[in-house]
Structures are given as C-alpha cells and as structure tokens.
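Visitor:
Protein chains: 2
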Amino acid sequence: MPNTIQGPLSSHRERKRARRRREIIRAALEAGREKGYHATTLDDIAGRLGIRKAALYHYFPDKDAILLACHRESLSELERIAGDSRAVEGPARRLSFLIREHVRIMTETLEGSPLAFEVTVLPAAARAEVIRGRDRFEGVLRGVVAEGIEGGEFRAVDPKVAVFAILGAVNWIARWYRPGGGGIQPAGLGDAFADYLLRGLARESGRARP
Amino acid sequence: MPNTIQGPLSSHRERKRARRRREIIRAALEAGREKGYHATTLDDIAGRLGIRKAALYHYFPDKDAILLACHRESLSELERIAGDSRAVEGPARRLSFLIREHVRIMTETLEGSPLAFEVTVLPAAARAEVIRGRDRFEGVLRGVVAEGIEGGEFRAVDPKVAVFAILGAVNWIARWYRPGGGGIQPAGLGDAFADYLLRGLARESGRARP
C-alpha cells in the first residue's frame, strides 16, 4: 500500500517545504524593506536564514520568483478578507472590516515591506496575474462603496476616487511602517484608518459643514 | 565690457540648458511610468527626445542623477506650496489647499510617474536629501492638522496617522493615474481628494454617527 504510506509522508514533506518557503518569503520581505528590491541579493536572503544561497534554489529558481510568491501571498490574503467581508452586514461595517484587515495584511503578512510596490520588474505574465488580483480587490471595495451610496449610508462620492484614496492610504503603510518600532501600533492603526476613511464617506447627519 | 555682453548671453545659455534638463526629466518620468525605473535605459530617454545618448551626458552623468533631479523638482514644488499655504487662512482651508496642490504636482509635474517611489536606489547622500525634504513637507501637514485639532475645527485624531493616510492617498496617484486618459480628470481629482480627506477630520456637527 504505497499510497497510504506515501500520503502522510509526502504531506509532511509538503508542510515542511511550505514552511520553508514562507521563511524565505519573510526574509525577502525584511531584506527588501531595508535595502529595496534591486539591492537585495539572494545571498542577503540566504544569510538571514543562515543557509547557503544554493539551498534557496530548491525552493525558488530566482529572485523574481520570490517576489511573485510575496505578491501571491498578499493577494491570497486580500482574497480571503474579501470573502470574509461578505458575512459582515452593511456597507459601512463591511468597508471598515476590509480596511482594518488590509492594514493588518500590510503590517503583519507583508511586515510593511515595500516589495509590494515592485510590480513593473515582474515578467509580463506574472505582472498580469498580480494586476488582475489587485483589480479584483479594488472591485470589491468599489462595490461596497457603491452599495453604501445607493443605500444612502454614504455620500454621493465617485466610488473610484474614494477607493483609490483608501488603497493609497493603506498601501502607503509599506513606505513608513517599521514593525516593532516604538511608534504606531498595528491594531490601533487599523482602527484609526477605518475611522478616518469611513467618516469621509459618511452622510451629513446634522447642519452643513464649512 | 565683457560682463554686460557675457551676462545676457550666458543667462540665455542657462535658460536653454535648464529647459533641456526639464525635457530630459520629463522624458525620464514618462519612460519610468511605462517601464519602471530599472528597465528604463538612457537610450529610452534619449530616444523620446530624438537625441543620442551621448548628448544626455552634457546634462546628467547617469540615470541616478536624472532620478535625483526628478525628486528635487518634486521637492521644490512641495516646498513652494508649503510656503504658499501660509497665506491661506484657517487649518481646514490650508489643508485643502495643500492636498489639491499636492495632487496637481502628482498629476502635472510628475505626470503620475512612479519614479517618485524610487528612493532606495539613490546613493546615501541623495537619499538622505530626499527623505529630509519629504519629512519637511510631512511636518508642515502635521502642523496644520494639529492646529486644526487645537482650534476645535478638527476631531482629536492622531495627526501622524492622519497625515500618513493623506500622503498615502495622494502619493498613490502615481500607481494608477495616466495623463490624458479618458477617466478621472486632474482638477476634479484634487477637489475630490481634498473633500474626502477633510471630511474625515471634520468635527461632528450634528447628532452622533454610527
């Protein structure tokens, strides 16, 4: 019964392999944060893990493949929160959930690494995949904003412009956030961003503003 | 009287030189928007201007020098609007002015080019200069937000967090904006961003919001 034996064994190997890949991605994100993508070498990444560069090739053929894996990790997280958001009732609460979770992805999953900005360096097919994924998430946000406007919960803004502003605010975290820094804490940051960006959409509830 | 003759002559030459430098910067921004900084070559830039690559060396020693010039142009514009903003009365109107003008810089001066994202590739001294300039502008925005909170015009948010959100929203324009596209127009964009980002700071003027 080679299958029953091979099954658990190979799944153990696969888990180990997946764990190792995540460690490499994390090391690349850290290195990228400090030196930028182009200055980061495979030696830098291997050095952070205490392994030889040659060992990296068991997992990734080159640096661009690691970058693509970083993007895929971030995109699959965005897809997951987009799915989870369907259970949150009402556009205001749903948008708030999406902003807070997106902030969490930026600070935890991506550790504030600006690698997420590197799209143009990817080969055409990979670039198209990343852009499709980002477009899908953008579409989800636009849908929530449009729904809020339709239902009268949000002001009549251009959902496209509002979503560009929201995505900019959240993605820009990669430019200034440093994990473990004494300053702004990730949890509070998600709440603060959601609060600020939701209020800008809220309908006038009292007298006119200046 | 060699001075009176040389004066106008050399200032004519200087103007011509400055104009040529601006053309090169503009061509680099356009090329950078399409291909990314690293894929852009000096040949690409020269080709857009219909000149030989060798001619570029009269103005810039290398590609990094062009990138630094792009940053300096953008920073001097930011400094200019920070100065101009002092004449605008009241923190809400001043912040609105700064956001609208910053959007204009992103769409006109930088033509939505993501070159503005390239900081890590610069040599240390140039990088420090750019970061100092950006920090100064950030400080101006924080001051305006803090003043608005103190005067009761804005809610008691963390000025640091609010300014990161504002800068993110505006800087992110480089990631999606395409000049001359049929979509979002620059003028309307500045107003829409100022409106959205100001409202998120405005104090409750009526009954409490959800």
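These protein sequences, in sequence, are chains A and B. Residue numbering for the first sequence follows our numbering, beginning at 313 and increasing consecutively. Residue numbering for the second sequence follows our numbering, beginning at 313 and increasing consecutively. Cβ coordinates follow ideal geometry from the N, Cα and C atoms, glycine included.
Below 9 Å between beta carbons: does that hold for I411(A) and F505(A)?
Guide: As a working mapping, residue 411(A) is identified with position 99 in the first sequence. As a working mapping, residue 505(A) is identified with position 193 in the first sequence. The answer is yes: Cβ separation under 9 Å.
Visitor: Would you identify the three-state DSSP class for F372(A), choosing helix, strand or coil?
Guide: Looking up residue 372(A) in the first sequence gives position 60. Correct three-state label for F372(A): coil.
Visitor: If you follow the alpha helix (DSSP H) that A486(A) is part of, which residue opens it and which one closes it?
Guide: Taking the first residue of the first sequence as 1, we reach residue 486(A) at position 174. Counting along the chain, the alpha helix (DSSP H) containing A486(A) begins and ends at I485 to W488.
Visitor: Determine, using beta carbons only, whether R444(A) and E391(A) come nearer to each other than 9 Å.
Guide: Your numbering for residue 444(A) matches position 132 in the first sequence. Your numbering for residue 391(A) matches position 79 in the first sequence. Their beta carbons are not under 9 Å apart, which means R444(A) does not touch E391(A) by this criterion.
Visitor: Does the contact criterion of 3 or more C-beta pairs under 8 Å hold for the region 344 to 359 of chain A versus the region 368 to 382 of chain A?
Guide: The region 344 to 359 of chain A vs the region 368 to 382 of chain A: in contact.
Visitor: Can you have a look at R327(B) and say buried or exposed, based on whether 16 or more other CB atoms are within 10 angstroms of its CB?
Guide: Locating residue 327(B) in the second sequence gives position 15, counting from the first residue. So R327(B) counts as exposed.
Visitor: So what does DSSP say about A404(B), is it helix, strand or coil?
Guide: To locate residue 404(B), count along the second sequence from 1; it is residue 92. A404(B) falls in the helix class under three-state DSSP.
Visitor: Among L510(A), R454(A), R490(A) and E441(A), which has the Cα closest to the Cα of S386(A)?
Guide: Position 74 of the first sequence, counted from the start, is the residue given in the question as residue 386(A). Cα-wise, what sits closest to S386(A) is E441(A).
Visitor: Does any residue of chain A have a CB that is nearer than 9 Å to the CB of F449(B)?
Guide: As a working mapping, residue 449(B) is identified with position 137 in the second sequence. Cβ-Cβ to chain A under 9 Å: no for F449(B).
Visitor: Name the residues in the region 406 to 438 of chain A whose C-beta lies less than 7 Å from a C-beta of chain B; which are they?
Guide: Residues passing the 7 Å Cβ filter: F429, T432 and V433.
Visitor: Distance cutoff 9 Å, beta carbons only. Does G480(B) sit that close to anything in chain A?
Guide: For the purposes of this step, residue 480(B) is taken as residue 168 along the second sequence, with counting starting at 1. Chain A contact via Cβ: present.
Visitor: Quick one: which residues of the region 318 to 344 of chain B get their C-beta closer than 8 Å to a C-beta of chain A? List them in chain order.
Guide: Cβ contacts with chain A come from no residue of the region 318 to 344 of chain B.
Visitor: L354(A) lies in the alpha helix (DSSP H); which residues open and close that run?
Guide: Along the first sequence, one-based indexing puts residue 354(A) at 42. L354 to L361 is the span of the alpha helix (DSSP H), which, as asked, contains L354(A).
Visitor: With DSSP as the reference, label A514(A) as helix, strand or coil.
Guide: Position 202 of the first sequence, counted from the start, is the residue given in the question as residue 514(A). A514(A): strand per DSSP, three-state reduction.
Visitor: Just mark K375(A) as buried or exposed, buried being the case when its beta carbon has 16 or more other beta carbons within 10 Å.
Guide: By 1-based counting over the first sequence, the position of residue 375(A) is 63. It is buried - the Cβ of K375(A) has at least 16 other Cβ atoms within 10 Å.
Visitor: Anything in chain A within Cβ reach of I496(B), meaning under 9 Å, just list it in chain order.
Guide: Within the second sequence, the letter at position 184 stands for residue 496(B). The contacting residues are D470, K472, V473 and F476.
Visitor: List, in order along the chain, the chain B residues whose C-beta lies closer than 8 Å to that of F505(A)?
Guide: As a working note, residue 505(A) is residue 193 in the first sequence. The contacting residues are V473 and A477.
Visitor: Nearest to K472(B) by CA position, among I393(B), G451(B) and G460(B), is which residue?
Guide: Residue mapping note: residue 472(B) aligns to position 160 of the second sequence, counting from 1. Comparing Cα positions, the closest option is G451(B).
Visitor: Residues of the region 347 to 360 of chain A with a CB closer than 9 Å to any CB of chain B: list them in chain order, please.
Guide: If the cut-off is 9 Å between Cβ atoms, the region 347 to 360 of chain A has K347, G348, Y349, H350 and A351 near chain B.
Visitor: Is E430(B) buried or exposed, if buried means 16 or more other CB atoms sit within 10 Å of its CB?
Guide: Here residue 430(B) refers to the residue found at position 118 of the second sequence. Counting Cβ neighbours within 10 Å, E430(B) comes out buried, since at least 16 surround it.
Visitor: So within the region 406 to 445 of chain B, which uninterrupted beta strand (DSSP E) runs reach at least 3 residues, ignoring any that extend past its ends?
Guide: Counting whole runs of 3 or more residues, the region 406 to 445 of chain B contains no beta strand (DSSP E) stretch at all.
Visitor: Please name the residue, chosen from M418(B), L341(B) and D470(B), that lies closest to Y489(B) on a Cα-to-Cα basis.
Guide: What you label residue 489(B) is simply residue 177 of the second sequence in a count that begins at 1. For Y489(B), the nearest C-alpha among the options comes from M418(B).
Visitor: Any C-beta of chain A within less than 9 Å: which residues of the region 451 to 465 of chain B qualify?
Guide: Answer set for the region 451 to 465 of chain B: E465.
Visitor: When you compare only the Cα positions, how much space is there between E459(B) and A394(B)?
Guide: Within the second sequence, the letter at position 147 stands for residue 459(B). Within the second sequence, the letter at position 82 stands for residue 394(B). So the alpha carbons of these two residues sit roughly 15 Å apart.
Visitor: I'd like to know if A367(B) contacts chain A, where contact means its C-beta is closer than 9 Å to some C-beta of that chain.
Guide: The count along the second sequence starts at 1 and reaches residue 367(B) at position 55. No, because no Cβ of chain A sits closer than 9 Å to the Cβ of A367(B).
Visitor: Can you check whether the C-beta of A440(A) is within less than 9 Å of a C-beta belonging to chain B?
Guide: The residue labelled residue 440(A) in the question sits at position 128 within the first sequence. No, because no Cβ of chain B sits closer than 9 Å to the Cβ of A440(A).
Visitor: Taking only beta-carbon positions, decide if I485(A) is within less than 9 Å of chain B.
Guide: In the first sequence, residue 485(A) corresponds to position 173, counting from 1. Yes, its Cβ sits closer than 9 Å to a Cβ of chain B.
Visitor: Under 7 Å Cβ to Cβ from Y508(A), same chain only, skipping five residues before and after it: list those, please.
Guide: For the purposes of this step, residue 508(A) is taken as the residue at position 196 of the first sequence. Within the same chain, Y508(A) has no close Cβ partners at all.
Visitor: Measuring straight from C-alpha to C-alpha, what distance separates D355(B) and A399(B)?
Guide: Start at 1 with the first residue of the second sequence, and residue 355(B) comes out as number 43. Start at 1 with the first residue of the second sequence, and residue 399(B) comes out as number 87. Roughly 44 Å between the two C-alpha positions.
Visitor: Taking only beta-carbon atoms, is G445(A) less than 9 Å away from chain B?
Guide: Walking along the first sequence from the start, residue 445(A) turns up at place 133. Closer than 9 Å: no.
Visitor: Would you check whether the ligand MG has a heavy atom nearer than 8 Å to the C-beta of L510(A)?
Guide: By its list of ligands, the structure shown contains no ligand whatsoever, and the ligand MG lies outside what it can speak to.
Visitor: Does the CB of L534(A) have a neighbour CB from chain B at under 9 Å?
Guide: Here chain A covers residues 313 to 522 and nothing more, so residue 534(A) does not appear.
Visitor: Can you grab the Cα-Cα spacing for the pair R515(B) / I461(B), in whole Å?
Guide: Your numbering for residue 515(B) matches position 203 in the second sequence. Your numbering for residue 461(B) matches position 149 in the second sequence. Approximately 9 Å, taken between the alpha carbons.
Visitor: Are the C-beta of A394(B) and some C-beta of chain A separated by less than 9 Å?
Guide: As a first step, residue 394(B) must be located in the second sequence, where it is residue number 82. So, not an interface residue.
Visitor: So, at 8 Å on beta carbons, what are the nonlocal neighbours of R329(B) in its own chain, with the 5 sequence-adjacent residues on each side left out?
Guide: Within the second sequence, the letter at position 17 stands for residue 329(B). Around R329(B): Y371.
Visitor: Measuring only the C-alpha atoms, how far is A343(B) from V482(B)?
Guide: Sequence index remark: in the second sequence, residue 343(B) carries index 31 (1-based). Sequence index remark: in the second sequence, residue 482(B) carries index 170 (1-based). Rounded to whole angstroms, A343(B) to V482(B) spans 21 Å at the Cα level.
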